[in-house]
Every structure is written in C-alpha cells, then in structure tokens.
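Residue numbers (my numbering): 1 to 162.
Backbone N, C-alpha and C fix where the C-beta goes; we use that ideal spot for every residue, glycine too.
Take a look at the structure below.
Pasting the structure below:
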C-alpha cells in the first residue's frame with residue numbers, strides 16, 4: 001500500500017467512495033450523491049499544508065482517503081482542522097484507515113495544526129476505536145442533531161491536540 005497526496009485524477013474514485021457512504025449510511029449528513037463536477041470545489045480547497053487529502057493506493061487502485069479541512073471559517077480557528085477517513089467498503093479491516101491517519105498527521109502538524117476534530121455519527125464503534133487509538137478524546141455529544149433515513153442521529157465530537 002502506498003499513501004500519497006490525492007490528485008485531480010483520483011477525484012472520480014474519491015467521489016464514488018464518498019457517495020457509497022451518502023447512500024448507505026448516516027456517517028455523513030450529505031443526502032444527495034455528488035458528481036465529479038460538484039465535488040471539485042471540495043477538492044480544490046486542499047492546500048497541501050493544513051488542508052490535505054491523502055489516498056491509500058493498493059494494487060487494485062485507490063482504496064480510501066483521509067483528509068483534513070477547515071474546522072471553522074473564522075481566522076482564529078486556523079490551527080484547528082476537521083479530519084475524516086473514508087475507505088471503500090470492500091477494503092475495510094485492512095489497516096487502511098490507520099495508515100492514512102498516520103501519514104495525514106505527519107503531514108499536517110509541521111504546518112502548525114494544533115488540534116484535530118472528528119465528528120462521528122452514532123453508533124459507530126469502529127470509528128470511535130480508530131480515533132481513540134490515535135489519542136482522540138470525546139469532547140462533545142450532540143443528541144439528535146441530524147435527520148437522515150427517516151430518523152434522528154446523535155453525533156459525538158472527538159479531539160486530538162498535537
């Protein structure tokens with residue numbers, strides 16, 4: 001497995017992976033799948049510094065991606081990022097998410113990232129375990145904050161300081 005910065009040519013695969021989660025889970029609160037064109041602005045926001053997108057590439061191609069993005073738009077939040085990992089469903093439990101986070105954190109911390117935050121829709125024990133293994137701690141629990149698939153969902157926020 002190779003971890004590398006995502007390129008625009010990866011965007012169709014990244015969009016496909018993300019759309020799977022939109023259509024089948026409440027792990028993202030997006031409701032409508034994206035086209036490559038509508039997902040392009042998201043991709044162009046990565047700057048190679050605090051905001052990065054890395055892909056895990058296996059012999060079969062891109063198996064998942066991890067990214068750090070803006071936590072909030074106000075300038076004083078600039079040293080905090082929101083992080084997320086999406087792995088193709090057929091590639092789960094192969095260590096891809098852990099490899100992506102290891103590389104992502106090594107890449108963003110030298111650019112002045114102080115805190116990383118992850119929002120996790122409940123229930124999602126594998127995601128909580130992954131984040132805990134990287135030193136994240138739960139700092140918030142929002143009850144019934146999202147509505148998808150005809151029901152309300154709780155979300156926890158986990159934090160890691162560097």
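What residue from the options has the CA that sits closest to residue i's CA?
i	options	result
residue 162	142, 120 and 104	104
residue 124	140, 149, 144 and 154	154
residue 141	131, 158 and 152	158
residue 37	64, 135 and 16	16
Are the beta-carbon atoms belonging to residue i and residue j less than 8 Å from one another?
i	j	result
residue 50	residue 81	yes
residue 148	residue 45	no
residue 66	residue 100	yes
residue 64	residue 85	yes
residue 3	residue 56	yes
For residue i, count the other beta carbons within 10 Å of its own beta carbon; 16 or more makes it buried, fewer makes it exposed. Which is it?
i	result
residue 127	buried
residue 112	exposed
residue 95	exposed
residue 52	buried
residue 59	exposed
residue 8	exposed
residue 131	buried
Going by DSSP in three states, residue i sits in which element: helix, strand or coil?
i	result
residue 10	helix
residue 147	strand
residue 117	strand
Taking the straight line between their C-alpha atoms, what separation do you get for residue i and residue j?
i	j	result
residue 121	residue 29	9 Å
residue 32	residue 117	24 Å
residue 72	residue 79	10 Å
residue 217	residue 88	Coverage of the chain is limited to positions 1 through 162, which leaves residue 217 absent and any answer about it impossible.
residue 91	residue 137	26 Å
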